[in-house]
Structure formats: C-alpha cells, structure tokens
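Numbering (the UniProt record's numbering), first residue to last: 1 to 538.
Structure, as structure tokens:
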C-alpha cells in the first residue's frame, strides 16, 4: 500500500498523468481504502464504525459517478458545461457529506475547462464551491490549495501570494513544491520578478527541485517586466543548470513575443524549434493565437493559423479556443479560427453535410457579445456561402428565440424575409410565452408590433394561447391591441375571445356571443376556427 502511494505521488509530481487520469487513480485508492477500512472494522469488532464505512462507500460511489460524468464530457469535447458542473455540485451538496476527492474534482473544473464562462465568473464559482463544501465538512489539504491556485492562474485572477500563504498557514497546511511553483507563476504573471525571486530563493534553501515550469514562468515574468533580453536568456540559464528547454519553455517565449506583437521573433523561434528535438502541437500554437488576440494583434493570427497541422484533437481544441475568444468579445478572431476547420469535418458518417459552426453561433447569441446584429448576420452568410452551414440564419434565430432575445430574433427574421425565407407565426411563440409567463404587457406589445412589421396577421391560436391570456381582462387586452393597430373585428380575434371566456368558465360571456341579431355571431359563423353554435349546445 505504501509503495502504491509513493507511485501515485510520483505520477502526480512529474505530471505523468493528466488531472482526470490522476482522479481515476484517486477513485481506485478511495475504493481500496473503503474496503480495507471495512475489513479492519470487522476484524476489530468495532460496530460503532459501521455508519462511517457506509458513508465512505456512498462517497466513493458518488465520486465515481461525478468523475465519469465530467471525464466523459472532457473526452468528447475537451470542456465542461456550467450546467453539468452545477448539477454535480448540487447533488454532492444534497448528500451532506462531501469527500475531499469530490471537492478536488469540482475545484479543478473551474478553470480553462469552462471556456463558455467569463474568467471572473469561473473564479467566483470556485470560491462558492470552496466555501460550501467546507461548511459541509469537506477536509482540505495542500492539493486543494494547489488546485485553487491553478484556477487563479487559468482565470488570470489577481491575488496576493503572501495572503494566500497566510491562509494556508492559518489552516495548518504546509505548502509543497507545486504550491511554490504556482506562486512564482502568479508573481511572474504580474511581472514581479522580485517577488518570484523570493519564492525561488526559499525553494533553493529547502532543496526543492527547480523544474522547467519555474523557468517557463520566469520567461513570462521578465517579458511582462519589459525585459525581453533576460526572458530570452532564461533558456541559456536552463542549459547551464542541466535542464534542456522543452515545449513549455518555448511556448512561454512564443507567447511573450505574441503579447508584444513581434511576429518576426515568433517565426525565428519556430524555426529554432524545428532544429531541436522539441515538438509543438497545434494546441500550443492555438495558445499563441490566444495571446496575440487578447493583446490586440489579431491581424497576425493568420500567420500562425497557416502553420497548423490539424493533428488529431485539433477540432475540440480549436472549438474551445473559439468559445474562449467569443467569451472575451473576440468573435472576429474566433470566426477566422473556425474557417480553418478541415472540410471533411463538415460531413457526417453517411455523407450528409453537417452544420459546422453551430457552437460558434449559439455562443455568440448567448454571450450577447455581438452588439451589432449585422455582424452576426454576416457570419451566417459567410458560413452558408462557404458551404459550412446549410441553414445558419434559421439556426441562429432558433438560438435567439431559445435565449428569449426579442430584438435579435426580430432582426434575424427580417433578414430571412429579405432572403426569401419563410417567416411563420409560430416563430414568435417562444417570445410571447416568455412575456406571458412574466405578465409583461409591454413585451407582448413589442412582439405584436414586430409581427405587423413583418406583415404577419395574428391567427386565432396566437391570440388565444399567447396574447389574450397575458392580460388580466379582455377589456385591457382590447385597449392595448387597439393601440397597436390590431383589428378587433376580425373573425380570428372574435374566436380567440370566445376561447378565452370559455376557458375561464364565464358562461354568461360565452352565451353573449350567440344572439341571432348580434353582429359578432355573424363574424364567428364565417370563421372556420370554432364549431357551429347549435352543435356546441345540443
């Protein structure tokens, strides 16, 4: 058992396995530990420990379920949705006894695995998970603090490393090599070489190994301190220390040049890498694109895109970059990345064309980053012209309706009508249902106005199911509809009134529709939307 623990520690320290693979090992260890604990309890005859064994078993089962859910999502898409993460979080909270492994799993999911969520919101979610699980009895160790540090780094969250160390000390948690390594990264991200040097000196005094990750952080630190000369010299320092620069170091240097918009040095560094045994993946180059984009050098992105090899896994990695860029309001760059997707990805297994870019269009709508709807329409048009999407406008309209964004949906419908595409009555129903639910008379009026602008005559189903039922009385409905220019003498409106009165059980009002000399009955008889009055009451 001790040998297994040492092996597990080596795998984690040397990053021989990914975070989720390591968590699978944790799951195995949890199951083994639960069985050993149960055996020991039986041997010692301590029946009072049996409830604790049941709790451990339940925790292990729930950890298996949560890990499988998250791992499945990462395997398929390379990311996790906020909805899935919150569902798992709430399920764990309902049990009332979260384990340390469950807490670790949730914390590690609050960083770059949530590209559809803004960084600040991801950090806030991590803090919420941390506080809630701790209040429910979860016990935190150094791995949890290290996970929180990683979330801070991935989300570019600004914090004071000294305060973080103080919190660990207050909790009687001893920092390890990974802790100090990530604190150095935090200092370097702010260009604080002095602060990083203090941590580095402490590591040397305690004989903690200085890994490539530390040197990579120093490259970033010097670059952000506007000292590119020392940033470049870090590679020579590494070689002097007997450490050969690897992909992480070269990537840090490339991203440093990218932040400066120095495309010439980027190209020179890439040529240097080709002459070494170091190999950069498409995923690494995508990070360079991200650094270029967020630093305002989007025009240089095509120079990096043309170097993509489209390795296996390029699609999910590129999709996540697109989502991250849209989240940050860089949708134009995201669209350029989208256009590099291999053409064979747009065909299904049966040869039918698939709609490439659904994820991009949906996220643009949900994030509401595209303030100008014309730009969104331009994306749709270019996708269809490039045969990358069969019905981009219709899909974007669906997303806008699903997100209850009236203004955007109406603009998209107008564009569809200009293109000769049909705009149907039921397209407006999701918007009307939303306003109906909240008794939003003004919102209902806006939708009616939009329908009239598009030349749509309101039918009896729309009146009765989605408009009249939004008002407290038919009198108030008539007043508003009259202001909006709707015809109150139409057979559709009369039939809808009858339906509403009947559904509300107002028999006297229903009967008032049927006097022989009443003009209204003549309109109803001419309508195909209700039954003959004699048939209804015989």
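Beta carbons are placed, not taken as given, at the ideal position from N, Cα and C, and that holds for glycine.
Q. Among residues of its own chain, excluding the 5 on either side of residue 316, which ones have a beta-carbon nearer than 6 Å to its beta-carbon?
A. Its chain contains 77, 78 as the residues whose beta carbon lies nearer than 6 Å to that of residue 316, once the 5 sequence neighbours on both sides are disregarded; these appear in chain order.
Q: Confirm, please, whether the CB-CB distance from residue 431 to residue 401 is below 8 Å.
A: yes
Q | Other residues of its chain near residue 286: CB distance less than 7 Å, five sequence neighbours each side excluded | A | 317, 318, 321
Q. With DSSP run on the structure shown, which of helix, strand or coil describes residue 389?
A. coil
Q) Applying the criterion that 16 or more other CB atoms from any shown protein chain within 10 Å of the CB defines a buried residue, is residue 204 buried or exposed? A) exposed
Q: Would you grab the beta carbon distance between residue 224 and residue 261 for me? Rounded to a whole angstrom, and I think it's under 8 Å.
A: Not a contact, Cβ separation roughly 14 Å.
Q) Per the contact definition of three or more C-beta pairs closer than 8 Å, is the segment 455-467 in contact with the segment 488-504? A) Contact between the segment 488-504 and the segment 455-467 is present, because at least three Cβ pairs lie under 8 Å.
Q: Taking only the alpha-carbon atoms, compute the straight-line gap between residue 309 and residue 359 and give it to the nearest angstrom.
A: Put simply, the backbone Cα of residue 309 is about 22 Å away from that of residue 359.
Q) Is the beta carbon of residue 146 sitting closer than 8 Å to the one on residue 123? A) No.
Q | Beta-carbon separation (whole angstroms), residue 182 vs residue 153, contact threshold 8 Å | A | About 6 Å; that satisfies the 8 Å criterion.
Q) Is the beta carbon of residue 92 sitting closer than 8 Å to the one on residue 141? A) no
Q.
I need the DSSP call for residue 374, collapsed to helix, strand or coil.
A. When secondary structure is reduced to three states using DSSP, residue 374 falls in the helix class.
Q: May I have the straight-line CA-CA distance separating residue 442 from residue 193, to the nearest angstrom?
A: 57 Å
Q: Kindly provide the ranges of any alpha helix (DSSP H) runs that are 4 or more residues long and lie completely inside the segment 384-471, ordered along the chain.
A: 392-402, 406-418, 429-437, 441-453
Q. DSSP on residue 201, reduced to helix/strand/coil?
A. Note: residue 201 maps to helix in three-state DSSP.
Q.
Less than 8 Å between the beta carbons of residue 234 and residue 218, yes or no?
A. yes
Q. What are the start and end residues of each continuous alpha helix (DSSP H) run of 4 or more residues lying completely inside the segment 118-205, in chain order?
A. 119-135, 142-154, 161-170, 177-189, 193-205
Q: Indicate the three-state DSSP secondary structure (helix, strand or coil) for residue 497 in the structure shown.
A: Helix.
Q | Proximity below 8 Å, CB of residue 69 to CB of residue 117 | A | no
Q: Check whether the Cβ atoms of residue 175 and residue 160 sit closer than 8 Å, and answer yes or no.
A: No, Cβ-Cβ distance for residue 175 and residue 160 is not below 8 Å.
Q | C-alpha gap between residue 197 and residue 227, whole angstroms | A | Rounded to whole angstroms, the separation of the alpha carbons of residue 227 and residue 197 is 15 Å.
Q: Express the C-alpha separation of residue 137 and residue 375 in angstroms, rounding to a whole number.
A: 50 Å
Q: Can you tell me the Cβ-Cβ gap for residue 539 and residue 250, rounded? I've got them flagged as a contact below 8 Å.
A: Any property of residue 539 remains undetermined from this structure, which presents the chain solely from 1 to 538.
Q) How many angstroms separate the CA atom of residue 103 from the CA atom of residue 473? A) 52 Å
Q. Quick one, which of 246, 297, 447 has its alpha-carbon nearest residue 428's?
A. Comparing alpha carbon positions, the residue from 246, 297, 447 closest to residue 428 is 447.
**Q.** Residues of its chain near residue 445, where Cβ-Cβ distance is below 7 Å and the 5 sequence neighbours each way are ignored
**A.** 480, 484, listed in sequence order.
Q: Check the C-beta distance from residue 110 over to residue 126 and give it rounded, since I have them as a contact under 8 Å.
A: 4 Å
Q: Take residue 403 as the anchor and find which of 66, 362, 169, 500 has the nearest alpha-carbon.
A: 362
Q | CB contact flag (residue 409, residue 421, <8 Å) | A | In terms of Cβ geometry, residue 409 and residue 421 do not form a close pair [threshold 8 Å].
**Q.** Given residue 498 as reference, the closest of 464, 394, 210 once Cα atoms are compared
**A.** Of the listed residues, the one whose Cα sits closest to residue 498 is 464.
Q.
Taking the alpha carbon of residue 99 as the reference point, which residue from 115, 71, 129 has its own alpha carbon closest?
A. 129
(Q) On a Cα-Cα basis, can you pick out the residue from 378, 406, 245 that is closest to residue 435? (A) 406
**Q.** Top-ranked residue by Cα proximity to residue 296, from 88, 311, 257
**A.** 257
Q) What does a CB cutoff of less than 7 Å around residue 115 pick up in its chain, not counting 5 residues either side in sequence? A) 79, 320, 323, 324, 327
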